[in-house]
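J.: For the numbering used here, count along the sequence shown from 1 and bump the result up by 6. Heads up, the beta-carbon is just placed ideally off N, CA and C, and yes, glycines get one too. Sharing a structure below in structure tokens format, with a few things to ask.
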Amino acid sequence: MRRQRTGLRALVVALAVTMGLGVAGVAHATVYRVDEFKITESHFDFGDGRLHDVSGRPTDDGRLDWVMNTAGVWEPTLVGRIWINNARDECVRVQMMVEYDNGFIETYTDTSSDFCAPNGQTWFDDVNFRPVVSQYVHAVTIKLQCAESSGDPWVTAGQSARYVEP
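Rendered as structure tokens:
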């Protein structure tokens with residue numbers, strides 16, 4: 007009987023230690039800095055919240071979150087909303103221009119949030135865009151692009167400041 011209790015006790019302790027190590031091994035990404043900004047252009051905006059009734063501009067800033075994952079690698083993440091205001095059939099999207107430590111610049115397009123306004127009212131779409139995970143990210147610039155209608159060429163309506171990694 008004594009042997010069975012000791013064996014059972016050893017098994018329970020071993021399971022508890024294993025589970026404790028498993029929980030202790032969970033790590034989370036860390037947000038090091040948040041750059042808040044708006045891009046406001048005629049008929050097209052990036053920000054957050056809602057559009058102001060008088061100015062037609064976003065009430066809150068959108069943001070660029072500088073996230074470092076558990077491997078020490080940057081994951082710049084754009085969060086906010088893009089709007090089309092009083093523009094019929096026009097389209098809008100965002101791009102993230104990433105500058106790497108070696109000076110190379112790559113442009114990433116958020117195709118999941120681009121859309122065209124079906125009429126002249128106000129339309130928006132939420133943005134949560136993380137196109138790159140790299141330890142070599144040096145700086146990021148956000149572009150707000152528009153097109154006169156679906157299939158037309160995209161042009162840059164406005165852009166953010168250049169944000170350098172923390």
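Alpha carbons only, please: which of His34, Val40 and Ala35 is nearest the one belonging to Val146?
T.: For the purposes of this step, residue 146 is taken as the residue at position 140 of the sequence shown. Measuring from the Cα of Val146, the nearest candidate turns out to be Val40.
J.: Could you give the uninterrupted runs of the beta strand (DSSP E) lying entirely in the stretch 43-115, keeping only those of 3 residues or more?
T.: Correct list: 45-47, 50-57, 64-66, 68-74, 80-91, 97-106 and 111-115.
J.: According to DSSP, simplified to helix, strand and coil, what is Asp132?
T.: Against the sequence shown, residue 132 aligns to sequence position 126. If DSSP states are grouped into helix, strand and coil, Asp132 belongs with the strands.
J.: If you run the structure through DSSP and keep just helix, strand and coil, what is Tyr169?
T.: Here the question's residue 169 lines up with position 163 in the sequence shown. Correct three-state label for Tyr169: strand.
J.: May I ask you to verify whether the stretch 92-107 touches the stretch 151-164, counting CB pairs closer than 8 Å and requiring at least 3?
T.: Yes: at least three Cβ pairs fall under 8 Å.
J.: Thinking C-alpha only, which one of Tyr169, Phe130 and Thr76 is nearest Val98?
T.: Mapped onto the sequence shown, residue 98 falls at position 92. Selected option, being the one with the closest Cα: Phe130.
J.: Which residues in the same chain have their Cβ closer than 7 Å to the Cβ of Asp54, if we skip the five residues on either side of it in sequence?
T.: Within the sequence shown, numbered from 1, the residue matching residue 54 stands at position 48. Closer than 7 Å at the Cβ level, and outside the excluded window around Asp54, lie Pro64, Asp66, Asp67, Gly68, Gly86 and Arg87.
J.: Taking buried to mean at least 16 other C-beta atoms within 10 Å of its own C-beta, is Val29 buried or exposed?
T.: Mapped onto the sequence shown, residue 29 falls at position 23. With a pLDDT of 44 at Val29, under the threshold of 50, the modelled position of that residue is not reliable, and the figure given next carries that caveat. When all chains shown are included, Val29 counts as exposed.
J.: Kindly indicate which three-state DSSP category Ser140 falls into: helix, strand or coil?
T.: Against the sequence shown, residue 140 aligns to sequence position 134. If DSSP states are grouped into helix, strand and coil, Ser140 belongs with the strands.
J.: Please classify Ala163: does DSSP put it in a helix, a strand, or coil?
T.: Counting from one through the sequence shown, the residue named residue 163 turns up at place 157. In the structure shown, Ala163 sits in a strand (DSSP, three-state: E or B).
J.: Measuring straight from C-alpha to C-alpha, what distance separates Ser166 and Asp51?
T.: Taking the first residue of the sequence shown as position 1, residue 166 is located at position 160. Taking the first residue of the sequence shown as position 1, residue 51 is located at position 45. Approximately 11 Å, taken between the alpha carbons.
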